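This report concerns only the one structure given below.
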Amino acid sequence: MQMHCFGRKLCCSSYPLVPVSLPSRRETHFWYIVPDEIKDESLLNRYLGLLSSGEKESVFRMNGDKLRKRALLARALVRTTLARYTQVSPRSLKFKKNLFGKPEVEWQPDEKWDPPSLHFNISHTSSLIACGVAADMPIGIDVEEKHRKTRNNISALARRYFSTHEVEYLDNIPDSEMQQQEFIKLWTLKEAYVKALGRGFSASPFNTFTIRFKDICQSSLQVSKNFSSEAYEIVVEALNDSEHLATNCQFAIFELGNLHFAAICTQKDNITQGEEENMLKLKAWKTIPFVEDECVSETDTIIPISGLA
Amino acid sequence: MTSIVGATISVPSSRSLCFNQATPRISGLKPVSVSIQKKSFPSLKFRRSFRVSCSAKPETVDKVCEIVRKQLALPADSAVTGESKFVSLGADSLDTVEIVMGLEEAFGISVEEESAQTIATVQDAADLIEKLVEKK
Numbered sequence: 000m001q002m003h004c005f006g007r008k009l010c011c012s013s014y015p016l017v018p019v020s021l022p023s024r025r026e027t028h029f030w031y032i033v034p035d036e037i038k039d040e041s042l043l044n045r046y047l048g049l050l051s052s053g054e055k056e057s058v059f060r061m062n063g064d065k066l067r068k069r070a071l072l073a074r075a076l077v078r079t080t081l082a083r084y085t086q087v088s089p090r091s092l093k094f095k096k097n098l099f100g101k102p103e104v105e106w107q108p109d110e111k112w113d114p115p116s117l118h119f120n121i122s123h124t125s126s127l128i129a130c131g132v133a134a135d136m137p138i139g140i141d142v143e144e145k146h147r148k149t150r151n152n153i154s155a156l157a158r159r160y161f162s163t164h165e166v167e168y169l170d171n172i173p174d175s176e177m178q179q180q181e182f183i184k185l186w187t188l189k190e191a192y193v194k195a196l197g198r199g200f201s202a203s204p205f206n207t208f209t210i211r212f213k214d215i216c217q218s219s220l221q222v223s224k225n226f227s228s229e230a231y232e233i234v235v236e237a238l239n240d241s242e243h244l245a246t247n248c249q250f251a252i253f254e255l256g257n258l259h260f261a262a263i264c265t266q267k268d269n270i271t272q273g274e275e276e277n278m279l280k281l282k283a284w285k286t287i288p289f290v291e292d293e294c295v296s297e298t299d300t301i302i303p304i305s306g307l308a
Numbered sequence: 000m001t002s003i004v005g006a007t008i009s010v011p012s013s014r015s016l017c018f019n020q021a022t023p024r025i026s027g028l029k030p031v032s033v034s035i036q037k038k039s040f041p042s043l044k045f046r047r048s049f050r051v052s053c054s055a056k057p058e059t060v061d062k063v064c065e066i067v068r069k070q071l072a073l074p075a076d077s078a079v080t081g082e083s084k085f086v087s088l089g090a091d092s093l094d095t096v097e098i099v100m101g102l103e104e105a106f107g108i109s110v111e112e113e114s115a116q117t118i119a120t121v122q123d124a125a126d127l128i129e130k131l132v133e134k135k
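Going down the list, the protein sequences come from chains A and B.
With numbering that gives the first Met the number 0, letter number 221 in the first sequence gets 220, and the count goes up by one each step, no holes.
With numbering that gives the first Met the number 0, letter number 38 in the second sequence gets 37, and the count goes up by one each step, no holes.
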């Protein structure tokens with residue numbers, strides 16, 4: 000297990016969350032929970048005890064036990080994850096929403112401690128809840144079930160919501176199963192981008208930007224190849240002069256376990272140059288907060304698709 | 000679809016509490032048919048769920064509920080009403096766009112991106128649909 004404790008006091012027994020050092024500038028941390036693995040009522044109650052009253056209300060407003068559990072685990076994951084990087088207890092973290100509604104930590108001022116500029120973003124499916132963390136740069140993540148079936152036809156969905164280039168890319172895929180997978184991958188990348196921007200789904204409609212893959216060696220734009228190659232760099236282009244385009248976005252997409260795609264979008268670290276430095280360094284952990292953490296970064300739980308160092 | 004629109008409890012059997020309280024004589028009946036419910040309870044419950052006059056017809060709300068249930072693969076006994084928020088039903092962004100497409104198809108309308116983003120509840124969707132259908 001790659002847990003780093005950098006001269007920080009080990010947490011006392013009341014908060015047995017293993018501390019972790021902050022992500023470096025080119026690093027993203029990715030923590031996830033598999034909800035089906037957490038069934039213990041007393042553990043779930045413990046998580047409930049971490050939430051603010053507003054968060055508890057939101058949890059109970061969800062329809063049905065399964066959705067409530069998911070909402071509870073999502074908040075517990077955010078709180079416990081952020082607590083690992085700080086000297087703050089998970090219960091005492093405060094959150095606020097930015098101008099556009101994106102959740103952020105509201106660090107409490109304390110003379111003895113300079114809070115880190117930690118950014119986080121969560122995403123969930125019915126079978127997985129994930130929290131991405133980055134230091135000093137915005138982050139957006141999205142997870143989707145690989146085999147998620149859409150009710151509408153892929154082409155129809157793409158035409159309605161994606162950019163022209165992306166529609167063309169998908170239309171050129173003859174195999175329907177592969178087309179479905181590429182659709183899902185594109186969706187997760189676009190979601191991750193919008194969430195990194197932090198302006199909400201509505202402010203950055205999917206058809207106002209294109210996700211493309213640039214051939215790293217030739218610097219040309221390839222249309223017919225698919226994502227599954229590390230020789231390609233994922234780039235985003237705005238279709239008009241929208242102010243939301245971030246020219247220094249960095250993307251990564253990978254398979255997580257057998258069931259999911261996960262996409263991450265952060266800002267590039269402009270200080271270091273060179274190809275290798277453009278790839279994202281990922282550290283990933285599967286966690287049951289307060290019970291166990293399993294570092295999965297160098298295992299075959301994570302299968303890089305593109306953008307990972 | 001049950002005739003009790005807007006109730007927060009969906010009651011699979013028709014022997015609801017109100018039923019028994021209001022007409023104790025009928026409490027001995029076996030599960031009644033829909034028509035009897037309508038006759039004995041002239042939409043007292045119906046009215047409670049209606050908002051101000053410009054909200055959508057119950058049939059529209061019902062149709063939206065049906066499309067939402069299908070998209071989210073909700074169990075038959077889960078409560079979906081006009082007040083249900085998509086987020087609380089577990090809809091993510093892909094579900095939401097699929098629901099919008101389903102509504103467009105079912106009602107023969109076209110929903111602009113900006114309007115789609117204002118839809119938070121089933122009722123919002125139904126109201127928007129009727130506005131768009133009227134415009135046609």
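Just so it is clear, CB atoms sit at the ideal spot from N, CA and C, and this is done for glycine as well.
Since the structure is predicted, the reported quantities are computational estimates derived from the model, not experimental observations.
**Message:** On a Cα-Cα basis, can you pick out the residue from LYS145(A), GLU56(A), LEU42(A) and LYS38(A) that is closest to GLU254(A)?
**Reply:** LYS145(A)
**Prompt:** beta strand (DSSP E) containing ALA261(A): first to last residue?
**Reply:** 259-266
**Request:** Give the secondary structure of TRP30(A) by DSSP, where H, G and I count as helix, E and B as strand, and everything else as coil.
**Result:** strand
**Prompt:** What residue range is occupied by the uninterrupted alpha helix (DSSP H) comprising ASN44(A)?
**Reply:** 40-47
**Message:** Using 8 Å as the cut-off, can you tell me whether the region 86-97 of chain A makes contact with the region 114-123 of chain B, which would need three or more C-beta pairs spanning the two stretches below that distance?
**Reply:** no
**Request:** Grab me the residues of GLY48(A)'s own chain with a C-beta within less than 8 Å of its C-beta, minus the 5 sequence neighbours each way, in chain order.
**Result:** ARG90
**Request:** Return the chain-ordered ranges of every beta strand (DSSP E) run that is complete within the region 154-195 of chain A and spans a minimum of 3 residues.
**Result:** Here no run is fully enclosed.
**Item:** Whole-Å CB distance - ILE98(B) paired with VAL60(B), under 8 Å assumed
**Value:** About 14 Å; that fails the 8 Å criterion.
**Request:** Measuring only between beta-carbons, confirm whether TRP186(A) sits less than 9 Å from chain B.
**Result:** yes
**Prompt:** Where do the N-terminal and C-terminal ends of the beta strand (DSSP E) with PHE119(A) fall, by residue?
**Reply:** 117-124
**Prompt:** Considering only residues of the same chain and omitting the five flanking positions on each side of LEU238(A), which have a CB-CB separation below 7 Å?
**Reply:** Result list for LEU238(A): SER162, THR207, PHE208 and THR209, in chain order.
**Prompt:** Using CA coordinates, which residue listed in ILE128(A), PRO15(A) and GLU190(A) is at the minimum distance from ALA70(A)?
**Reply:** Comparing Cα positions, the closest option is ILE128(A).
**Asked** If you count every other CB in all the chains shown that lies within 10 Å of the CB of PHE85(B), and 16 or more means buried, which is it?
**Response** Of the other Cβ atoms in all chains shown, 16 or more fall within 10 Å of the Cβ of PHE85(B); this residue is therefore buried.
**Request:** Report yes if the CB atom of PHE250(A) is closer than 9 Å to the CB atom of TYR168(A), and no otherwise.
**Result:** For the pair PHE250(A) and TYR168(A), the CB atoms are not nearer than the 9 Å cut-off.
**Asked** Assuming LEU73(B) contacts LEU88(B) under a Cβ cut-off of 8 Å, what Cβ separation, rounded to an integer in Å, is found between them?
**Response** 7 Å
**Sequence-distant residues of the same chain with beta carbon closer than 6 Å to LYS194(A), five excluded per side** = ASN120 and GLY139
**Prompt:** Is the CB of GLU167(A) under 9 Å away from at least one CB in chain B?
**Reply:** no
**Message:** Considering Cα atoms alone, identify which of PRO15(A), PRO22(A) and ASP64(A) is closest to ASP373(A).
**Reply:** Because chain A here runs from 0 to 308, residue 373(A) falls outside it and cannot be looked at.
**Request:** Answer yes or no: does any C-beta atom of chain A fall closer than 9 Å to that of SER131(B)?
**Result:** For the record, residue 131(B) in the displayed sequence is Leu; it is not Ser. Chain A contact via Cβ: absent.
**Asked** Taking the alpha helix (DSSP H) that ALA70(A) falls in, what are its first and last residues?
**Response** 64-84
**Asked** When we look at the beta-carbon of GLY100(A) and count the other beta-carbons within 10 Å, is it buried (16 or more) or exposed?
**Response** exposed
**Prompt:** Does any heavy atom of the ligand FAD sit closer than 8 Å to the C-beta of LEU49(A)?
**Reply:** What this structure holds is no ligand at all, so the ligand FAD is not there to describe.
**Asked** In three-state terms, what does DSSP make of ILE66(B)?
**Response** If DSSP states are grouped into helix, strand and coil, ILE66(B) belongs with the helices.
**Prompt:** According to the neighbour-count rule (16 or more other Cβ atoms, all chains shown, within 10 Å of its Cβ), is LYS96(A) buried or exposed?
**Reply:** Exposed, by the Cβ-count rule.
**Message:** Assuming contact is defined by CB atoms lying nearer than 9 Å, are TRP30(A) and VAL132(A) in contact in what I supplied?
**Reply:** yes
**Message:** Can you give me the C-alpha to C-alpha distance between GLU26(A) and LYS280(A), rounded to a whole angstrom?
**Reply:** 5 Å
**ALA55(B): contacting residues in chain A (beta-carbon distance under 9 Å)** = Within 9 Å Cβ-Cβ: nothing; ALA55(B) doesn't reach chain A, min ~21 Å.
**Prompt:** Should PRO303(A) be flagged as near chain B, meaning a C-beta pair shorter than 9 Å?
**Reply:** no
**Message:** Which residue marks the beginning of the beta strand (DSSP E) containing ASP309(A), and which one marks its end?
**Reply:** Shown here, chain A extends from 0 to 308; a query on residue 309(A) therefore has no answer.
**Asked** When you compare only the Cα positions, how much space is there between GLU293(A) and ALA261(A)?
**Response** 18 Å
**ARG78(A) versus TRP284(A): straight-line alpha-carbon distance, rounded** = 15 Å
**Item:** Unbroken alpha helix (DSSP H) run spanning LEU127(A), endpoints
**Value:** It is not in any alpha helix (DSSP H) - LEU127(A) instead sits in the beta strand (DSSP E) that spans 127-134.
**Item:** Residue closest to GLU190(A), alpha-carbon to alpha-carbon, out of SER122(A), LEU117(A) and LYS213(A)
**Value:** Per the Cα distances, SER122(A).
**Message:** Please identify the residue among ASN62(A), THR265(A), TYR84(A) and ILE153(A) whose C-alpha is closest to the C-alpha of ASP113(A).
**Reply:** With respect to the C-alpha of ASP113(A), the residue from ASN62(A), THR265(A), TYR84(A) and ILE153(A) having the closest C-alpha is TYR84(A).
**Prompt:** Whose CA, out of ASP123(B), ALA90(B) and GLU133(B), lies closest to the CA of GLU82(B)?
**Reply:** ASP123(B)
**Prompt:** Using DSSP with H/G/I as helix, E/B as strand and the rest coil, what is ARG60(A)?
**Reply:** Helix at ARG60(A).
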